[in-house]
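**Student:** I have a structure here, written as structure tokens, and I will follow up with some questions on it.
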Amino acid sequence: MTAGPTIVLLPGLDGTGRMFAPFIDQRPAGWQTQVVTYPRDPQLGYAELLPMVLDALPSDRPYILLGESFSGPLAVQAATRQLPGLRGVVLCATFATSPTPWYFRWWSSLFDPSRLAWMMRAEVLASRWLGFCTAELHALVKETEPDVCLKVLSARVKETLHVDVRDELQRVGVPMLYLGARWDLVVPPRCRRRIQRVRPDIAVATVSASHRLLQTRPDA
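Under the UniProt record's numbering, think of the first position of the sequence shown as 1, with each following residue one higher.
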């Protein structure tokens, strides 16, 4: 069996990488995965996390870089560097500019971090209502919660309110795939459309899933 390239996985908002477990279990035979994790430090925004991502990338083998949700902008920025092993980029349920409407951005100064726990549970409940939340996902979310700091989550949410990597997106020189969820209640379809306007050559695949598509539809 010929081994495929390594898939380097950049995590969503929690930064733990533990939510990738269902996807890793379903990965194609012969493919390897490498999960990048982020420190629990609210002072680390996109600018501070990018060097950590670059340091974690393989230097001795080909790989595909996948940025999930919060990490999409990091995947785009990393892909503009001269990375000899990079073969492609997957943007999963993510964005190049803020997924939040401009008239909500003032909310960042008023945001109460304690609401994040409720919001995360609400997103899982919505996934369950839509028929996408498996018992495994519910257990995984509960298992991950103790390792998640609400101040860190709040800081990362605020980072997404002002992010804009469209210039970097234009400079990515490897094939790209946008993997979207049809029933995404977190990242709306306009985020994909903005990316397509900048890079009309990007391949797009839409999965019948909620925002956590790698967890609810890892076989798609």
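Cβ atoms here follow ideal geometry from the backbone N, Cα and C, with glycine treated the same way.
1) Taking the alpha carbon of Asp54 as the point to measure from, which residue in Pro175, Gly85, Gly180 has its own alpha carbon closest?
2) If you follow the alpha helix (DSSP H) that Met176 is part of, which residue opens it and which one closes it?
3) Taking Ser208 as the reference, give the member of Arg199, Leu179, Cys191, Leu169 with the closest Cα.
4) Is the beta carbon of Tyr46 less than 7 Å from the beta carbon of Pro73?
5) Whole angstroms are fine: how far does the CA of Arg192 sit from the CA of Arg182?
6) If you compare alpha carbons, which of Arg166, Thr6, Ile24, Ser154 is closest to Arg87?
7) So, with DSSP's three-state summary, where would you put Tyr46?
8) Does DSSP put Trp129 in a helix, a strand or coil?
9) Is Gln77 close to the ligand NAP? I mean its beta-carbon at under 6 Å from any heavy atom of the ligand.
10) At a cut of 8 Å, does the segment 23-36 reach the segment 139-151 through at least three beta carbon pairs?
11) Quick one: residues in its chain with C-beta nearer than 6 Å to the C-beta of Val152, no 5 flanking neighbours on either side, listed in chain order?
12) Would you tell me roughly how many angstroms separate the C-alpha atoms of Val204 and Val89, rounded to the nearest one?
13) Quick one: residues in its chain with C-beta nearer than 7 Å to the C-beta of residue 224, no 5 flanking neighbours on either side, listed in chain order?
14) What is the residue span of the alpha helix (DSSP H) that Arg193 lies within?
15) Using the three-state DSSP reduction, which class does Leu10 fall into: helix, strand or coil?
16) Taking residue 255 as the reference, give the member of Pro28, Pro11, Ala56 with the closest Cα.
17) Could you please give the first and the last residue of the uninterrupted alpha helix (DSSP H) stretch that includes Gln215?
18) For Asp60, does the count of other Cβ atoms within 10 angstroms reach 16, so buried, or fall short, so exposed?
19) In the DSSP assignment, the beta strand (DSSP E) including residue 237 goes from what residue to what residue?
20) Grab the span of the beta strand (DSSP E) containing Arg87 for me, first residue to last.
21) Return the chain-ordered list of same chain residues with a C-beta closer than 8 Å to the C-beta of Ser26, the five sequence neighbours on each side being excluded.
22) Following the continuous beta strand (DSSP E) through Thr160, name the residue where it begins and the one where it ends.
23) By alpha-carbon positions, which one of Arg199, Leu137, Cys92 ends up nearest to Pro188?
**Tutor:** Looking at the atomic coordinates:
1) Note that residue 54 is Leu in the sequence shown here, rather than Asp. It is Gly85.
2) Run containing Met176: none in the alpha helix (DSSP H); it sits in the beta strand (DSSP E), 176-181.
3) Leu179
4) yes
5) 11 Å
6) Thr6
7) helix
8) Any reading at Trp129 needs caution, since the residue's pLDDT is 49, under 50, leaving its predicted position unreliable; the model's value is listed next. Reduced to three states, the DSSP call for Trp129 is helix.
9) In terms of ligand content, the structure shown is empty, and the ligand NAP therefore cannot be addressed.
10) no
11) Arg40, Pro42
12) 12 Å
13) Nothing can be reported for residue 224: it is not among the residues displayed for the chain, which extend from 1 to 220.
14) 189-198
15) strand
16) Here the chain has residues from 1 to 220 only, and residue 255 is not among them.
17) 213-216
18) exposed
19) Residue 237 is absent from the model: the chain starts at 1 and stops at 220.
20) 86-92
21) In the sequence as presented, Ser is not what sits at residue 26; that position holds Gln. Around Gln26: Pro218, Asp219.
22) Unbroken run through Thr160 is the alpha helix (DSSP H), 150-160; no beta strand (DSSP E).
23) Cys92
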